[in-house]
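Residue numbers (our numbering), protein chains in the order written: chain A, 628 to 1041; chain B, 628 to 1041.
We treat Cβ as the ideally placed atom computed from N, Cα and C, and that holds for glycine.
Remarks on the structure that follows.
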């Protein structure tokens, strides 16, 4: 065991402690030789809110205030190092009680996921590849030294919440609408000192979230200041942990004050393109004549662990490879802002978009880098044609216009 | 305004918004042209806990459990973007209520400070340079896009908490004992989405904290794994924000499993020494013969913003420069682990210690780097003589054996 493998080794140790990933029986934690209770969705207890207490607002009203409007219920499960996972509870949405000394409030021992539930045009309620979110949350939780769990149990809990709150909060009378689901794990042990928390809370909320995929005139990006980077090799840019977000706000706010929507995060002296705000970033260009002059959809790779392994990103890559074969080449590789500038200068830049759960597929119209502006054609309906086609395929799967294994139907309690 | 100065510019904007730093009247926030109420310690309201409800445990008992034992009271103050800072409250210690959507639980919008209150051998209760902690918390708060405040008000609030809880929790019958003070600011706006919080909470607790400055056999450090770094140029390693701590736990735990106390964080391919765990790091060596063969106390510099501007670090540098002048040269510069290895090999390595509020001045006895072990002489009483002298001076100031402007006496309510 080489000394320099300390982190990899630690992750290996953590993963080896997850028997559930193999046998589905116990999971998350062993205390010496005794297997402690793992997270188990079948033990879910249900305490219902008064269904008449709150009316369902329309999307615009729900998103107009300074507070996220959640549905009637949330799911919580507690974990202790000494006793493992408690039985999860589905209960009325409400505040959490945390001691001022709770780990999460001081040491950023927190990770989360974001996914949406879609009321289909066929009347069904669907999640989009929730297994990928659940798996990624396990990875994020282990990276930030929070407990492990069987991710299939998290997926079941998400489905359980939507089974109860879906019929009222995403009514069949509103096809084409969605709710935003936020599973999270936080460190709750009330003890100061930089150390791994011995207590944690997993919770899942469902809420309204404004539509962000069509800013007027397209999304405008500003490359990051030279004195600030989002993530770095040897860091945790690939994990969905709070520590990736708070520190990015300062540069993002300044970019917004200058009329830009998000930061395009570049990495290293080479200026590799990584992420657009908290979304993945795609460029569609035509390669140079000597390289065949073919259409190429390019996005940053996952292997150096700088960027998030986005579910939307992965779906775009897979769909484009399958459905644009022969027409567009899909490439995951390092590419620099200078290559984008060059493609623009040579008239080879075709389209660009950000991809993520919040921004969905959001066309990019402009990139400011240092003193240079790149303007990207938007086409009709404020989107390039390939961006629109990919977005259309995804939308069809999400809202049931296309029956597809990625669309997981919720068995609603009517 | 150069495009690449986005972060510096943002910090400049934030600091320019702090009129209090100039005139002491308002602070923290202006909303357009209207100055909103700043944090104001003179508005403190006091709600007392039943003084007989809880007995004061001894230090060993207090630190034996999984929960930090706090004193009877805490101080809180809330901030809203629309209304500024509320009047601070001193009230019974207890849980905080946060919505599951609160910013701090998802995006690590949090920063904190740590300092101690010392019951002197002369009977007085002292803080050690609390103005430096308060100033640093302002910097950290702005870096993580939390609100600004007049740091002298935070200092006054810390003194107010100790004025009330000091007599009972640090009784005159226990000279030489201390409590740990933890001011913090967290983002509380209950809205999902990566954005600057419009609501925040400042709180201050006082608690027991175990003594960590004398691990048996000295502190053993393990250099960080090559696949993990703590901070990076362009990051936020200089700010006391949660995002610096949670991500470091994985490597620290693995190091502990191998018998080491903390990680010695190296930076870059050169392997510059930066911090020891969450403490600053010092090496005392003799320079090479051709460089004069003189005693030199070396520690990493602040200018590349990789490391925390520690109050203990700064005090060590200042005291050593003043009191060891002519005997030891004090140097803040980049130095590599290879230089430390070389000094060890050539018999020039004299002493080493970690410096911080939690670890105070903690002698380092061993550093493992890759496959190489450096053993550092500990001397009598498990400390090198210079380490012991510096520690002694600091201790004398903290506990009133030496009257010094760094020791700020609390005006206790008897």
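Next item on the list: Return the CA-CA distance between residue 589 of chain B and residue 991 of chain B, expressed in angstroms with no decimal places.
Entry: The question about residue 589 of chain B has no answer, for chain B in this structure spans 628 to 1041.
Notebook entry, point to check: Where residue 1041 of chain A and residue 798 of chain A are concerned, what is the direct C-alpha to C-alpha distance, given to the nearest angstrom?
Noted result: As a working note, residue 1041 of chain A is residue 414 in the first chain. As a working note, residue 798 of chain A is residue 171 in the first chain. C-alpha separation (whole angstroms): 11 Å.
Checklist line | Extent of the continuous alpha helix (DSSP H) to which residue 757 of chain A belongs | finding: The residue labelled residue 757 of chain A in the question sits at position 130 within the first chain. Segment 757-770, the alpha helix (DSSP H) holding residue 757 of chain A.
Margin query: Check whether chain A comes within 8 Å of residue 725 of chain B, counting only Cβ atoms and requiring the distance to be less than that.
Written below: Within the second chain, residue 725 of chain B is the residue found at index 98, counting from 1. Answer yes: the Cβ-Cβ gap between residue 725 of chain B and chain A drops below 8 Å somewhere.
Notebook entry, point to check: What do you get for residue 817 of chain A, buried or exposed, if any count of 16 or more other CB atoms within 10 angstroms of its CB means buried?
Noted result: On the first chain, residue 817 of chain A is found 190 positions in, with the first residue counted as 1. By the 10 Å Cβ count, residue 817 of chain A comes out buried.
Notebook entry, point to check: Is the stretch 819-835 of chain B close to the stretch 731-749 of chain B, with three or more CB pairs under 8 Å?
Noted result: yes
Item checked: Through-space distance from residue 954 of chain A to residue 1012 of chain A, alpha-carbon basis -> One-based indexing of the first chain puts residue 1012 of chain A at position 385. One-based indexing of the first chain puts residue 954 of chain A at position 327. So the alpha carbons of these two residues sit roughly 13 Å apart.
Next item on the list: Flag residue 637 of chain B as yes if its beta-carbon sits less than 8 Å from any beta-carbon of chain A, otherwise no.
Entry: By 1-based counting over the second chain, the position of residue 637 of chain B is 10. Closer than 8 Å to some Cβ of chain A, the Cβ of residue 637 of chain B qualifies, so yes.
Margin query: One question on the structure: do residue 804 of chain B and residue 746 of chain B come within less than 8 Å of each other, judged by their Cβ atoms?
Written below: Stepping through the second chain from its first residue, residue 804 of chain B is reached at position 177. Stepping through the second chain from its first residue, residue 746 of chain B is reached at position 119. Yes. Within cutoff.
Next item on the list: Determine the DSSP secondary structure at residue 701 of chain A, reduced to helix, strand or coil.
Entry: For this step, residue 701 of chain A is matched to residue 74 along the first chain. Looking at residue 701 of chain A - three-state DSSP - the assignment turns out to be strand.
Notebook entry, point to check: Among the residues of its own chain, which have a CB less than 7 Å from the CB of residue 928 of chain A, if the five just before and after it don't count?
Noted result: Looking up residue 928 of chain A in the first chain gives position 301. Answer for residue 928 of chain A: 959, 960 and 961, listed in chain order.
Notebook entry, point to check: From A:839, A:920, A:1032 and A:1028, pick the residue whose C-alpha is nearest to that of residue 690 of chain A; which is it?
Noted result: As a first step, residue 690 of chain A must be located in the first chain, where it is residue number 63. Ranking A:839, A:920, A:1032 and A:1028 by Cα distance to residue 690 of chain A puts A:839 first.
Next item on the list: Would you mind telling me which residues of chain A sit closer than 9 Å to residue 834 of chain B, beta carbon to beta carbon, in chain order?
Entry: Here residue 834 of chain B is taken as the residue at index 207 of the second chain, counted from 1. Within chain A, the residues near residue 834 of chain B are 728 and 819.
Margin query: Beta-carbon within less than 8 Å of residue 786 of chain B's beta-carbon, same chain only, minus the 5 sequence neighbours each way: which residues are those?
Written below: On the second chain, residue 786 of chain B is found 159 positions in, with the first residue counted as 1. 754, 757, 1035, 1037 and 1038.
Check: Of the residues A:900, A:744 and A:976, which one's Cα is nearest the Cα of residue 809 of chain A?
Finding: Position 182 of the first chain holds residue 809 of chain A. Among A:900, A:744 and A:976, the Cα nearest to that of residue 809 of chain A is on A:744.
Checklist line | As assigned by DSSP and simplified to three states, the class of residue 1029 of chain A | finding: By one-based count along the first chain, residue 1029 of chain A stands at place 402. Of the three classes helix, strand and coil, the one that applies to residue 1029 of chain A here is coil, per DSSP.
Item checked: Reduced DSSP secondary structure (H/G/I, E/B, other) of residue 809 of chain A -> By 1-based counting over the first chain, the position of residue 809 of chain A is 182. Residue state, collapsed to three classes: strand.
Next item on the list: Tell me the start and end of each unbroken beta strand (DSSP E) in the stretch 677-743 of chain B that is at least 3 residues and wholly inside, in chain order.
Entry: 700-707, 716-719, 723-725 and 737-739
Notebook entry, point to check: Whole-angstrom Cβ separation of residue 910 of chain B and residue 925 of chain B, contact assumed at under 8 Å?
Noted result: One-based indexing of the second chain puts residue 910 of chain B at position 283. One-based indexing of the second chain puts residue 925 of chain B at position 298. Confirmed, Cβ separation roughly 5 Å.
Next item on the list: Closer than 8 Å, Cβ to Cβ, to anything on chain B: give me those residues from the stretch 676-705 of chain A, in chain order.
Entry: 693, 694, 695, 697 and 701
Check: By Cβ distance below 6 Å, which residues in the same chain neighbour residue 648 of chain A in space, the five residues on each side in sequence not counted?
Finding: What you label residue 648 of chain A is simply residue 21 of the first chain in a count that begins at 1. Note that residue 648 of chain A scores a pLDDT of 42, beneath 50, so its modelled location is shaky and nothing firm can be said.
Margin query: For residue 1026 of chain B, which residues in the same chain have their Cβ closer than 7 Å to its Cβ, ignoring the five residues on either side in sequence?
Written below: Locating residue 1026 of chain B in the second chain gives position 399, where the first residue counts as 1. The answer, listed in chain order, is 745, 747, 748 and 803.
Checklist line | Listed by chain order, chain A residues near residue 1004 of chain B by CB distance under 8 Å | finding: Counting from 1 along the second chain, the entry for residue 1004 of chain B is found at position 377. Simply none; closest approach about 23 Å.
Check: Just checking my contact of residue 964 of chain B with residue 850 of chain B at CB under 8 Å: how many whole Å lie between their CB atoms?
Finding: Position 337 of the second chain holds residue 964 of chain B. Position 223 of the second chain holds residue 850 of chain B. The Cβ separation is near 6 Å, so the contact holds.
Check: Would you say residue 928 of chain A reaches chain B, if we count a Cβ-Cβ gap shorter than 8 Å as a contact?
Finding: One-based indexing of the first chain puts residue 928 of chain A at position 301. No, because no Cβ of chain B sits closer than 8 Å to the Cβ of residue 928 of chain A.
Note to self: Please state the DSSP three-state secondary structure of residue 880 of chain A.
What the structure shows: In the first chain, the residue the question calls residue 880 of chain A occupies position 253. Three-state DSSP puts residue 880 of chain A in a helix.
Notebook entry, point to check: Would DSSP call residue 902 of chain A helix, strand or coil?
Noted result: Working through the first chain from its first residue, we reach residue 902 of chain A at position 275. Three-state result, residue 902 of chain A: strand.
Checklist line | Residues of the stretch 879-905 of chain B with Cβ closer than 9 Å to any Cβ of chain A, in chain order | finding: 879, 880, 881, 882, 884, 885, 890, 904 and 905
Item checked: For residue 850 of chain A, the three-state DSSP class (helix, strand or coil) -> Taking the first chain and counting its residues from 1, one reaches residue 850 of chain A at position 223. The answer is strand: DSSP assigns residue 850 of chain A an E or B state.
Note to self: Please report whether the beta-carbon of residue 963 of chain B lies at a distance below 8 Å from any beta-carbon of chain A.
What the structure shows: Walking along the second chain from the start, residue 963 of chain B turns up at place 336. Not closer than 8 Å to any Cβ of chain A, the Cβ of residue 963 of chain B fails to qualify, so no.
Notebook entry, point to check: What's the call for residue 618 of chain B, buried or exposed, on a 16-neighbour Cβ count within 10 Å?
Noted result: An answer regarding residue 618 of chain B cannot be provided, because it is not within the stretch 628 to 1041 covered by chain B.
Next item on the list: Tell me, please, whether the CB atom of residue 854 of chain A is closer than 8 Å to any CB atom in chain B?
Entry: Along the first chain, one-based indexing puts residue 854 of chain A at 227. So yes, residue 854 of chain A belongs to the interface.
Check: Using 8 Å as the limit for Cβ to Cβ distance, is residue 715 of chain B near chain A?
Finding: For the purposes of this step, residue 715 of chain B is taken as residue 88 along the second chain, with counting starting at 1. Chain A, which has no Cβ nearer than 8 Å to the Cβ of residue 715 of chain B, makes this no.
Next item on the list: For residue 997 of chain A, count neighbouring Cβ atoms within 10 angstroms of its own Cβ and tell me buried if that reaches 16, exposed if not.
Entry: Here the question's residue 997 of chain A lines up with position 370 in the first chain. Per the 10 Å Cβ criterion, exposed.
Note to self: At the 8 Å Cβ level, is residue 804 of chain B part of the contact set with chain E, yes or no?
What the structure shows: Of the protein chains in the structure, A and B, none is chain E.
Note to self: Beta-carbon within less than 6 Å of residue 819 of chain B's beta-carbon, same chain only, minus the 5 sequence neighbours each way: which residues are those?
What the structure shows: In the second chain, the residue the question calls residue 819 of chain B occupies position 192. Once the five neighbours on either side are set aside, the close Cβ partners of residue 819 of chain B are 728.
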